[in-house]
Amino acid sequence: MAEQPTTTERFIQGILPENPVYRQLLGLCPTLAVTANLQSALTMAGAVCFVMFCANVVISLIRNLLKPHLRIVVFTLTIATFVTIADRFLAAYLYGMSKMLGPYIPLIIVNCIIICRCEVCASKQSPITAAGDALGQSIGFGIALFSIAFVRELLGTGTLFGFQVMPETWPGWGIMVLPPGAFLTFGILLAGVNRITMYQDARKKHRGL
Amino acid sequence: MHSNFIDQVKKSNLGQAWLVLLLTIFFGGSLAGVQIKLGPVIEQNKINETLEKVPELIMGKALAEKMAAQQQLTDIRPMRVAVDYEGRQIVYSAYETRYQGKMLGWVVKTAGRGYADTIELLLGLDPTISRITGLYILDQKETPGLGNKILEEKWRNQFIGKSVNNPVLVVKTGAKGEGEINAISGATISSSSVTQIINTATSQLRPVLAADTGPAQIKNDREKTSGPEINSDKE
């Protein structure tokens, strides 16, 4: 069996080299849906972080008891439990935000980033590595959501976190707040990330020669 | 022989699935704990939201905002209304709204099955329970982009002024009749669910609220306002 990455490697990989949104293109439904403003994007990232961390640690603790053909059931069960806790918590203490995110919080259950981490890392490695992996991936997901929401909120409404930052005369590009704006922003940012990666790869190759 | 038995246990369904069963019980228990702790807080949030929405559901948004700006506060009295319907007792949370003693109307909280999950809504009704004065969706988990358009004011406003003496009907497009509502395209089930919930509530409540038959059936209860709860062994 190939050598498994260490905790530090897992943590760093999740942030940029294997960013769940920009590199793996996973979890795009919430990425496109809740990034019309920064507050909802960060709430979403927080909820995903909580669920991913808890699910990864729990799965890692019971990894030796898992039966191969029943593992997906156990993953889903664990994820669903923590998502329900996150959903109830938001409804109790951040009621307005909970209404704004609506069904996207319960939909974290089917977020493939989390089940992917359970499968790739938590079901094979120690709880500490699984925790590091979850944190790295969550930060990566948070950065992705933040970057898209930053562009969309700034251009769409001229605000950041609800505060006016653009001059009052800024017309507000309505399309940026609507679903097409999410696709446009994501496409352009993704192209930028790919360009940087290509540039880095080329440099590495050059040095190698 | 002995190892044979152990092998059999390992291969049996229970031997395979014990972890899943154990986790189910453990997770179920934890979720029950979370619900016990957070349930009342969430319920209180919903009650606060309801009380905030009551004036505009009865008088319309423009008038409600104007009155709020002039500090003319309506008197909202939460109560629980018990309805006997086909042998079952159904309890509704209702909000009787008065302004300087004059009866303005009722806001009723009701719920029913939507396409994805239970839809909870607030329904504004005139004092005689003959016309809808407002509709607000309190909780829903309908499909984003399709069914969740029931939240949109434009769609909800179709209900304002509709008579409830006959059931409100959903049509695909071009509603012109008195009791007709345009469905959301792509979300006929969500649209008809909302209409169904309204029709059920109005038909059950009209005999009780319109007659206002007094304290025998209407219990005033400021502390606990949740509902509708169905107390029935037939459920």
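Sequence order for the protein chains is A and B.
Mapping the first sequence onto the numbering used here, position 86 (from 1) lands on 86, and the numbers just tick up by one.
Mapping the second sequence onto the numbering used here, position 80 (from 1) lands on 289, and the numbers just tick up by one.
Cβ atoms here follow ideal geometry from the backbone N, Cα and C, with glycine treated the same way.
Using CA coordinates, which residue listed in the options is at the minimum distance from residue i?
i: A131(A); options: A41(A), G208(A) and S60(A); result: S60(A)
i: V48(A); options: T169(A), I115(A) and Y93(A); result: I115(A)
i: M52(A); options: V34(A), V83(A), L160(A) and Q24(A); result: V83(A)
i: A320(B); options: G314(B), K350(B) and T342(B); result: K350(B)
i: Q24(A); options: W173(A), C112(A) and Y95(A); result: C112(A)
i: T397(B); options: T382(B), G388(B) and E387(B); result: T382(B)
i: F235(B); options: G27(A), A41(A), L32(A) and L77(A); result: L77(A)
i: A55(A); options: T43(A), V73(A), K67(A) and L38(A); result: V73(A)
i: G181(A); options: T169(A), R152(A), Q125(A) and N194(A); result: R152(A)
i: Q405(B); options: N213(B), S212(B) and V379(B); result: V379(B)
i: E18(A); options: P30(A), C29(A) and P5(A); result: P5(A)
i: G333(B); options: L223(B), Y294(B) and N408(B); result: N408(B)
i: G354(B); options: S123(A), L32(A), Y22(A) and R195(A); result: L32(A)
i: L101(A); options: R195(A), A41(A), R117(A) and T157(A); result: A41(A)
i: Q309(B); options: K275(B), R322(B), V417(B) and L282(B); result: L282(B)
i: K255(B); options: R88(A), N64(A) and H69(A); result: R88(A)
i: V373(B); options: A410(B), R297(B), K275(B) and V229(B); result: A410(B)
i: T43(A); options: N194(A), L26(A) and A149(A); result: A149(A)
i: V177(A); options: F163(A), L154(A) and A45(A); result: L154(A)
Is the Cβ-Cβ distance between residue i and residue j less than 9 Å?
i: K318(B); j: E329(B); result: yes
i: L184(A); j: I175(A); result: yes
i: D335(B); j: R307(B); result: no
i: S402(B); j: T352(B); result: no
i: V34(A); j: Y104(A); result: yes
i: I341(B); j: I359(B); result: no
i: F161(A); j: L28(A); result: no
i: D201(A); j: G14(A); result: no
i: A419(B); j: S302(B); result: no
i: A277(B); j: P264(B); result: yes
i: F50(A); j: A80(A); result: no
i: P30(A); j: I108(A); result: yes
i: V57(A); j: P106(A); result: no
i: I245(B); j: V316(B); result: no
i: A211(A); j: Y22(A); result: The requested residue 211(A) is not part of the displayed model; chain A covers only 1 to 209.
i: Y95(A); j: E258(B); result: yes
i: V292(B); j: P416(B); result: yes
i: R10(A); j: G136(A); result: yes
i: E387(B); j: K363(B); result: no
i: G172(A); j: A36(A); result: no
i: G343(B); j: I393(B); result: no
i: G142(A); j: G46(A); result: yes
If the cut is a Cβ gap below 8 Å, which residues of chain B does residue i touch?
i: T81(A); result: F236, S239 and L240
i: I108(A); result: The premise fails here: I108(A) is roughly 13 Å from chain B at the closest Cβ pair, so nothing lies under 8 Å.
What does DSSP give as the partner residue(s) for residue i in the beta ladder?
i: V176(B); result: In the structure as shown, chain B starts at 210 and stops at 444, and residue 176(B) therefore has no counterpart that could be examined.
i: K350(B); result: Its beta-bridge partners do not exist; DSSP assigns none.
i: S98(A); result: The partner list for S98(A) (beta bridge, DSSP) is empty, contrary to what the question assumes.
i: S372(B); result: R340(B)
i: K169(B); result: Nothing about residue 169(B) can be read from this structure; chain B reaches only from 210 to 444.
i: L160(A); result: F163(A)
i: A396(B); result: I393(B)
i: V379(B); result: I390(B)
i: M268(B); result: According to DSSP, M268(B) bridges with nothing at all.
i: K311(B); result: Y308(B)
i: G345(B); result: The sequence given here places Tyr at residue 345(B); Gly does not occur at that position. Bridge partners of Y345(B): L331(B).
Please list the partners that residue i has in chain B, where partner means a Cβ-to-Cβ separation under 9 Å.
i: P103(A); result: A325, D326, Q349, K350, E351, T352, P353 and N357
If the cut is a Cβ gap below 8 Å, which residues of chain E does residue i touch?
i: A33(A); result: Note that chain E does not occur in the displayed structure, where the protein chains are A and B.
Identify the contact partners of residue i in chain A, using a Cβ-Cβ distance below 7 Å as the criterion.
i: A392(B); result: Per Cβ cutoff of 7 Å: no residues; A392(B) is ~20 Å from chain A at best.
i: T233(B); result: L77
i: N222(B); result: Near N222(B) there are no residues of chain A at all, since even the closest Cβ is about 11 Å away, more than 7 Å.
i: V218(B); result: Correct list: empty, because the minimum Cβ distance to chain A is about 14 Å.
i: V243(B); result: I85 and R88
If you measure from the CB of residue i, is any heavy atom of the ligand GDP nearer than 8 Å?
i: M276(B); result: Among the ligands in the structure shown, none appear at all, so the ligand GDP cannot be discussed.
Mind pulling the chain A residues with CB within less than 8 Å of residue i?
i: V229(B); result: L70, V73, V74 and L77
Applying a beta-carbon distance threshold of less than 7 Å, which residues of chain B neighbour residue i?
i: K67(A); result: Q225
What residues of chain A sit near residue i, judged by a beta carbon separation below 9 Å?
i: V316(B); result: Ordered by position in chain A, no residue passes the 9 Å Cβ test against V316(B), which lies about 18 Å from the chain.
Residues of the segment 84–99 of chain A in Cβ contact with chain B at a cutoff of 7 Å, in chain order, please.
Those would be T84, I85, R88, F89, A91, A92 and Y95, in chain order.
Residues in the segment 336–364 of chain B with C-beta within 7 Å of chain A's C-beta atoms, listed in sequence order?
Residues passing the 7 Å Cβ filter: K350, P353 and N357.
Proximal residues, the segment 48–65 of chain A versus chain B, C-beta separation under 8 Å:
Per Cβ criterion, the list reads I62 and L65.
In chain order, what residues of the segment 153–185 of chain A put their CB closer than 8 Å to some CB of chain B?
Against chain B - using a Cβ distance shorter than 8 Å - the residues of the segment 153–185 of chain A are P179.
Got a sec: which bits of the segment 247–260 of chain B sit with their beta carbon under 7 Å from any beta carbon on chain A, in order along the chain?
Cβ contacts with chain A come from L247, V250, I251 and N254.
Contact set between the segment 262–288 of chain B and chain A, restricted to residues whose Cβ is under 7 Å from the partner
Taking 7 Å as the Cβ-Cβ cut-off against chain A, none of the residues of the segment 262–288 of chain B qualify.
Just by C-beta distance, which residues in the segment 384–410 of chain B are closer than 7 Å to chain A?
Taking 7 Å as the Cβ-Cβ cut-off, the segment 384–410 of chain B has no residue approaching chain A.
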